[in-house]
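Step one of this worksheet: look at the structure below.
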Amino acid sequence: MMKQEFTLSIFSEDHIGILNQITIILTRRQINIESITASESAVKGVHLLTLVVRTSSDMIRKIARQIEKLIDVLKVFVHTSDEIIYQEIALFKVTTKGLMSGSVIDHVVRTHQARILDVSPEYIVIEKTGHKSEIEELFNQLEPYGVLQFVRSGRVAITRQVKELNSYLQEMDEANRLKPEEMETYSKN
Amino acid sequence: MKTEKETKQLTAQVNGYENITGAEALLRSLIEEGVDSIFGYPGGAIMPVYDALLDYKNKLSHYLTRHEQGAAHAAQAYAMVTGKPGVCFATSGPGATNLITGIANAFLDSVPTVFITAQVVSSLIGTDAFQETDILGVSMPVTKWNCQVKKAEDIPDTIARAFYIATTGRPGPVLIDIAKDAQIDKLDYKYKKCTYLRSYNPQIPLNTRSIDSAAIMINHAERPLILAGHGVLLSGAEKELREFAEKTGIPVAVTLLGLSCFPSGHRLYAGFLGMHGNYAPNMLTNQADLIIAIGMRFDDRVTGNLKKYAKQARIIHIEIDEAEINKNVQVDIEIHNDAKEALRYLIPIVKQKSYESWIREFRICDKTEYDAVIKSETKPESGKIRMGEVVNLASELTNGDAIVVTDVGQNQMVAARYFKFSEPNSLVTSGGMGTMGFGLPAAIGAKIGKPDKQVIAFIGDGGFQMTIQELGTMLQYKIPSKIVILNNNYLGMVRQWQDMFFDKRYASTELVNPDFITISKGYGIPAKKVFRREDLKKSLETMLAAKGPYVLEIAIEKEANVFPMIAPGASVSEVTLNYKSKK
Chain A
1 MMKQEFTLSI
11 FSEDHIGILN
21 QITIILTRRQ
31 INIESITASE
41 SAVKGVHLLT
51 LVVRTSSDMI
61 RKIARQIEKL
71 IDVLKVFVHT
81 SDEIIYQEIA
91 LFKVTTKGLM
101 SGSVIDHVVR
111 THQARILDVS
121 PEYIVIEKTG
131 HKSEIEELFN
141 QLEPYGVLQF
151 VRSGRVAITR
161 QVKELNSYLQ
171 EMDEANRLKP
181 EEMETYSKN
Chain X
190 MKTEKETKQL
200 TAQVNGYENI
210 TGAEALLRSL
220 IEEGVDSIFG
230 YPGGAIMPVY
240 DALLDYKNKL
250 SHYLTRHEQG
260 AAHAAQAYAM
270 VTGKPGVCFA
280 TSGPGATNLI
290 TGIANAFLDS
300 VPTVFITAQV
310 VSSLIGTDAF
320 QETDILGVSM
330 PVTKWNCQVK
340 KAEDIPDTIA
350 RAFYIATTGR
360 PGPVLIDIAK
370 DAQIDKLDYK
380 YKKCTYLRSY
390 NPQIPLNTRS
400 IDSAAIMINH
410 AERPLILAGH
420 GVLLSGAEKE
430 LREFAEKTGI
440 PVAVTLLGLS
450 CFPSGHRLYA
460 GFLGMHGNYA
470 PNMLTNQADL
480 IIAIGMRFDD
490 RVTGNLKKYA
500 KQARIIHIEI
510 DEAEINKNVQ
520 VDIEIHNDAK
530 EALRYLIPIV
540 KQKSYESWIR
550 EFRICDKTEY
560 DAVIKSETKP
570 ESGKIRMGEV
580 VNLASELTNG
590 DAIVVTDVGQ
600 NQMVAARYFK
610 FSEPNSLVTS
620 GGMGTMGFGL
630 PAAIGAKIGK
640 PDKQVIAFIG
650 DGGFQMTIQE
660 LGTMLQYKIP
670 SKIVILNNNY
680 LGMVRQWQDM
690 FFDKRYASTE
700 LVNPDFITIS
710 KGYGIPAKKV
720 FRREDLKKSL
730 ETMLAAKGPY
740 VLEIAIEKEA
750 NVFPMIAPGA
760 SVSEVTLNYK
770 SKK
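Line by line, the protein sequences are chains A and X.
Numbering-wise (the numbering used here), the first sequence opens with residue 1 and increments by one.
Numbering-wise (the numbering used here), the second sequence opens with residue 190 and increments by one.
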C-alpha cells in the first residue's frame, strides 16, 4: 500500500509516560517518527503531541484507534498534509565573516523571510519558520558561508476544520452524564 | 494542649478520615472494591503490605503461590470464573518481572485483573537499588493501564481508578507499583470509588442507526452465521445471545474463549471455530451470506488465511473495543457497543425466522466430522488411550457440569473440542497468549473462585512441568481441584507440526519425564496412573468423587494428532479432516 505523510495530533492528560505508551504502539509496528512536538494545549491540563509519520492510510487508521484507546489519551486527530496549516522553526548559527561579504545577509533575510536574532563578531543567529523544504533551501544557501550550528523543531500544526477539542471534551462529558465540575477531581499526576 | 499532630488527626476524624498507613489503606481499598481473595508472593519491598494483611485475615484471604507467575494465572482464572477482578501481589524486581507472562496473558484475553507490585523506597528509584526494576516500563505494553504511587495519600484514589479501568469497557490487567515508603507512611484515609475519567469513556452511547441497518441485513439474510466470542461472556450477554439466536434461527459458532457462552448441546450450536475447531463452522464460514460477529476479534487462529476468509459474506461486527473493528477483517456494519446492550436493542427489531436447509448443511458437516474424526477419537476400540475419549468421558460423567481448565497445546484443543459446556464461564484457558504452564495455577484460582463447582484441569506433561511447583499451593490450602495429566511423553502440538510440516524431524519434543505419581504423593496429593482403557472410567470416577485434590495421570497414545486442522496459511474452508503422515 502507498505510504504518505500523516500528522497525528494527540490530546492527552498531562501524565508521566504518555509519550512512551504512544511510541510503543509505533515501534511495535516498525513505524518511524519523522518529527515530534509536545507542549501544553489551549485547554489547561491537556497536553498536545504532534507527530509526523509516514505510513499507509490503512495503518494510520489502526494506529490512531490504538492510541486513542490509551486510557490517558483524550482524542486523536489524523490529518494529511493538505488538511492542516503547519510550520517548523529552525535556527542557524553562521560565521559573521562569511555572511558579511557582499550583500548575502540582506538577500537571505529578504528572500527567505528570515529574521536575525543575534549578531556578534564571530557569528550571526538567523531564525526561519516554514516548511521543512523551505528550511532546507535556506540551509543549502547558507552552507557555503560556514554554518556553525543548525537546529530545527518538530512540526506544529493547526487544522482547517472548525470543530475544536473543547467540543469533543464536552461530548465525552455528556456521554458520561456528569457535571463539568466533577472533571476537576481528575487533576492528579 | 494538644500537639499539632494530634490536632490534625482530630480534624481528619471529624471530616470522616482515618489516619492509617499506606499498606493498610491499600487493603481497606481492596475490601471496598469487594475483593476477598488475593494471590501473591512476598518479598522485601512489599513486606509492610504483608504485615498489614495479618490484621485483615478475616476479610482478605491470601494465597501464597510458589512462583509469581502462578499467582498471576490463578488471579486470572479466579476472575474468569467469578466475573470479579482478580488481584495479585508481588514484590519489586524479580517478583514483579515474574508476573509479566501472567499479565500479558490476561491482557490478550481481556481479563479484569489488578496487579499490585511493590517498588523500592522512592528516594532510591532510578538508582539501580537492590531489587529495583522499571516495572512500569516493562509492563506498559501488556497492561491496559499502569501507575506508580510514591506518596501514601495517593493510594486510595489510584486503587479506585485501577479497579474502574480494569473492569469497565474491554476489561484488562492494570498494574499499580507502590514505593515501600508509601506503604509505611500514614495518610488520612477515606475511600471513594472511581466512576469517571474524562480521557476514558467506556459508556458508549448505543449506536442505534448501525443496529437498525444491521437488523435489515439480518432480516434479509439467507445463510447467516453468528460468531460469538469472549465479549459475550465478559458483557454477560449469554441470555441475550440465546434469545437472539432462537428468535432469528441463526446458528451460533463460538471462538475458543467464547466456548460456554452458548450451550454446546443447543440445536443452534454450530460448533467451535478456528484452527482445530469443528468442521461445520469453519467450512460454512465461507458459504454464509452474512456473518454477525459478537465480541470477538477475528484472531488469525480463527480466520486462517485472511485473503480467503468469508469474502462472499457481508459482516456485522458488534465490538466494545473500537480498535478491533476493521483491524483484521473489513466489515460492512460496525457496531461499536457492548454486546449485551447492542443485542437488547437488536432482538425486538429482528424477525422470527428459521433456516432449516442452512442448518441441515451444518448437520451434514457434523456427520462428516464425526465419521472421520470424532468417532475414533472419543470411542476408539483398540490402541492406547486417546485424549478425546478422556475428555468425552469426563464430560459425560459430570454431565457437563464442571469448570474445565486447560493448559496449552493438544490437551487444550481436545478439551475445547470434546467437553460439552452447559454453563457460562465454565472454560478457563489461555487463548491469545497460549501460555504453557497456565493450567495448574489456573485450576487453583478457578476452584477458589467457585468452591462449589467441580474443577477439572486437562494438562499435558510438558505444561505441567512448567508450573509443577504449584502443587505446593494445592497442598497448603487443600485446594480440591482435579488434575488430569494427559501424558504422551511429548510436546504433542509441536510434535504434530513437526510431523506435518517439518518432515517428521522431531527436534526437542520428546520428554523424559519424572514419576508424576511420586511427585504428587510427595506433595501429599493422592495420585494414580492409568494405562489401560478398561480402567479409565473407574479412575475418572474415583478422581471426581475425591474430596480433596487429586492427580490422575493418563498414559496417552504418543503419536496422535489433533484434527480437524486448518494448516497455517490455509483458508478456513481448506480444513483437513485427516492426514496420513509421510513415511
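We put the CB at the ideal spot given by N, CA and C, even for glycine.
- Taking L457 (chain X) as reference, the option from X:L446, X:G463, X:P470, X:H465 with the minimal CA-CA separation is X:P470.
- In this structure, the beta-carbon distance from I648 (chain X) to Y544 (chain X) does not fall below 8 Å.
- Along the stretch 344 to 364 of chain X, the positions whose C-beta sits under 7 Å from a C-beta of chain A are D346, I354, read in chain order.
- Contact with chain A is absent for A528 (chain X), since none of that chain's Cβ atoms lies less than 8 Å from the residue's Cβ.
- Taking 8 Å as the threshold, the shortest C-beta distance from P301 (chain X) to chain A does not fall below it.
- Between the C-alpha atoms of T254 (chain X) and R412 (chain X) there is a straight-line separation of about 50 Å.
- Among the CB atoms of chain X, none fall inside 8 Å of the CB of L19 (chain A).
- Excluding the 5 residues flanking it on each side, G232 (chain X) has same chain C-beta neighbours closer than 6 Å at T280, G284, in chain order.
- In this model, A368 (chain X) and G291 (chain X) are separated by some 22 Å (Cα to Cα).
- Against chain A, a Cβ distance below 9 Å from M329 (chain X) picks out G17, N20, Q21, I24.
- Apart from sequence neighbours up to five positions away, the residues of its chain that approach E432 (chain X) with a beta-carbon distance below 6 Å are I536, ordered along the chain.
- A:Q4 is the residue among A:I85, A:V147, A:Q4 whose C-alpha sits nearest the C-alpha of V53 (chain A).
- Within the stretch 642 to 698 of chain X, the complete alpha helix (DSSP H) segments of 4 residues or longer fall at 650 to 653, 660 to 666, 681 to 690, listed in chain order.
- Collapsing the DSSP output to three states places N581 (chain X) in a helix.
- P362 (chain X) and A355 (chain X) have their C-alpha atoms roughly 6 Å apart.
- Distances from the alpha-carbon of E40 (chain A) to those of A:Q66, A:F11, A:K93 put A:F11 closest.
- Closer than 8 Å to the CB of Q66 (chain A) there is at least one CB belonging to chain X.
- Going by DSSP, I116 (chain A) is part of the beta strand (DSSP E) stretching over 115 to 119.
- The alpha-carbon of I524 (chain X) is positioned some 14 Å away from that of L416 (chain X).
- Judged by DSSP in its simplified three-state form, F92 (chain A) adopts strand.
- Interface with chain X (8 Å Cβ-Cβ cutoff): E13 (chain A) is included.
- In this structure, the CA atom of V109 (chain A) is about 34 Å from the CA atom of H47 (chain A).
- With 16 or more other Cβ atoms from the protein chains shown falling within 10 Å of its own Cβ, P630 (chain X) counts as buried.
- By the beta-carbon neighbour count (other beta carbons within 10 angstroms, threshold 16), V151 (chain A) is exposed.
- Rounded to the nearest whole angstrom, the CA to CA distance from I706 (chain X) to D641 (chain X) is 26 Å.
- Contact check between the stretch 464 to 479 of chain X and the stretch 490 to 505 of chain X: three or more CB pairs, one atom from each, fall below 8 Å, which counts as touching.
- Relative to the Cα of G315 (chain X), the nearest Cα in the group X:T302, X:G275, X:G282, X:N247 belongs to X:G282.
- Straight through space, the alpha carbons of N20 (chain A) and R155 (chain A) are spaced by roughly 19 Å.
- Chain X has no Cβ within less than 8 Å of the Cβ of I33 (chain A).
- The closest CA to that of F720 (chain X), considering only X:A735, X:K710, X:E746, is found on X:E746.
- Against chain X, a Cβ distance below 7 Å from V43 (chain A) picks out nothing, because the smallest value is about 11 Å.
- DSSP places D14 (chain A) outside both helix and strand once states are collapsed to three, so it counts as coil.
- Looking only at X:K333, X:A201, X:D298, X:A260, the smallest Cα-Cα distance to D72 (chain A) is reached by X:K333.
- The beta carbon of A499 (chain X) does not come within 8 Å of any beta carbon belonging to chain A, so the residue lies off that interface.
- In this structure, the straight-line span from the alpha carbon of N396 (chain X) to that of S299 (chain X) is close to 23 Å.
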